[in-house]
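Counting from 12, one number per residue, gives the positions in the sequence shown under the numbering used here.
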Amino acid sequence: MRKYEVMFIVKPGDEEVINNAVAKFENLIKSTGGNVDKVDRWGKRRLAYEVKDFIEGYYCLITFSAEAATVFELERVLKITDDVIKHMIIKLDD
């Protein structure tokens, strides 16, 4: 298993929507065989430029260990989740 980081920005709004989005991705990583090492919630911040008509977003960073199949599934789900404005998955150096 390799180490990865996923950074995603959730639409600002209700705290419950944000918590559900973070929990959804944590559970996805765990259910596909990965291990969540750390969840770092950065909070609501102003975006550098307008994205999908939003100027603010809720930033979250998850550090995890997983196989490639987990990363592909996470990428797929991030793309189709309406609450996610932007996302990026990075493989960390060993």
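Each residue gets a CB set at the ideal place from its N, CA and C atoms; glycine is no exception.
Measuring CB to CB, does residue i end up less than 8 angstroms from residue j?
i: V33; j: V50; result: yes
i: F36; j: I73; result: yes
i: N46; j: F75; result: yes
Which word fits residue i, buried or exposed, when buried means at least 16 other C-beta atoms lie within 10 angstroms of its C-beta?
i: V62; result: exposed
i: A77; result: buried
i: K102; result: exposed
Is any non-hydrogen atom of the ligand ATP found closer than 7 angstroms to the C-beta of residue i, if you look at the structure I gave you?
i: T81; result: Absence of the ligand ATP from the depicted structure is noted, as is the absence of any ligand whatsoever, leaving it without description.
Since residue i is in the beta strand (DSSP E), which residue starts that stretch and which ends it?
i: T74; result: 65-77
i: W55; result: Looking at the sequence itself, residue 55 is Lys, so the reference to Trp does not match. First-last of the beta strand (DSSP E) with K55: 46-62.
At the level of alpha carbons, what is the spacing between residue i and residue j?
i: V88; j: D64; result: 22 angstroms
i: L85; j: A59; result: 25 angstroms
i: A79; j: D48; result: 17 angstroms
i: V82; j: K14; result: 10 angstroms
Where does residue i fall in DSSP's three states?
i: L103; result: coil
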